Amino acid sequence: EPKLKDMGSLIVHYYPAQMAALSKLSIDDTRYAERFEVYIDGVEIANAFSELTDKKEQLRRLKDEQEERKRLGKQVYDIDMEFIEALDNMPDSAGIALGIDRMVKVMLGCKNIDDVLSLPMSKIFK
41 EPKLKDMGSL
51 IVHYYPAQMA
61 ALSKLSIDDT
71 RYAERFEVYI
81 DGVEIANAFS
91 ELTDKKEQLR
101 RLKDEQEERK
111 RLGKQVYDID
121 MEFIEALDNM
131 PDSAGIALGI
141 DRMVKVMLGC
151 KNIDDVLSLP
161 MSKIFK
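If you want it as structure tokens, here you go:
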């Protein structure tokens with residue numbers, strides 16, 4: 041991400057399948073995930089993807105993540121089987137998380153996110 045700083049506004053897409061997280065793989069080319077991120081001056085402003093609703097694939101990915109965390113000596117989290125079962129009833133969907141605070145920070149030219157927050161994190165977590 042540091043190399044994106046001098047590139048202005050940028051949309052990054054065609055994420056490798058290994059970086060799919062909770063997103064579907066592209067039906068056109070399964071080497072890529074259906075996700076993108078928006079950057080302005082190197083700051084991530086938004087993250088979007090098509091939701092993975094295939095419960096078998098989701099369970100496989102979560103088990104793979106557990107194995108990787110175990111291999112790295114990190115905390116291993118239980119799989120929420122209610123979430124997995126709920127995928128049967130989830131329609132195709134997509135979403136985007138937009139960081140309004142980050143966008144305002146970039147637009148105002150602030151160096152620190154605390155400069156645009158009404159409750160700055162530095163004051164909350166002293």
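Numbers 41 to 166, taken from our numbering, label the letters of the sequence shown in order. C-beta atoms are modelled at their ideal positions from N, C-alpha and C, and glycine is treated no differently. Since the structure is predicted, the reported quantities are computational estimates derived from the model, not experimental observations.
Residue from the options whose Cα sits closest to the Cα of residue i
{"i": "residue 149", "options": "69, 82, 63 and 132", "result": "82"}
{"i": "residue 47", "options": "71, 75 and 80", "result": "80"}
{"i": "residue 132", "options": "64, 106, 72 and 71", "result": "64"}
{"i": "residue 51", "options": "77, 43, 71 and 61", "result": "77"}
Limits of the unbroken alpha helix (DSSP H) element including residue i
{"i": "residue 162", "result": "161-164"}
{"i": "residue 126", "result": "121-126"}
The beta strand (DSSP E) enclosing residue i, as first and last residue numbers
{"i": "residue 50", "result": "49-56"}
{"i": "residue 75", "result": "72-80"}
{"i": "residue 91", "result": "Taken as a continuous stretch (DSSP letters only), residue 91 belongs to no beta strand (DSSP E), as it is neither H nor E."}
Reduced DSSP secondary structure (H/G/I, E/B, other) of residue i
{"i": "residue 138", "result": "strand"}
{"i": "residue 156", "result": "helix"}
{"i": "residue 65", "result": "strand"}
{"i": "residue 146", "result": "helix"}
Distance CB(residue i)-CB(residue j) smaller than 8 Å
{"i": "residue 119", "j": "residue 92", "result": "no"}
{"i": "residue 95", "j": "residue 67", "result": "no"}
Check whether the stretch 131-143 touches the stretch 79-95, taking contact to mean three or more Cβ pairs, one atom from each stretch, closer than 8 Å. The count of Cβ pairs closer than 8 Å, one atom from the stretch 131-143 and one from the stretch 79-95, reaches three, so the stretches are in contact.
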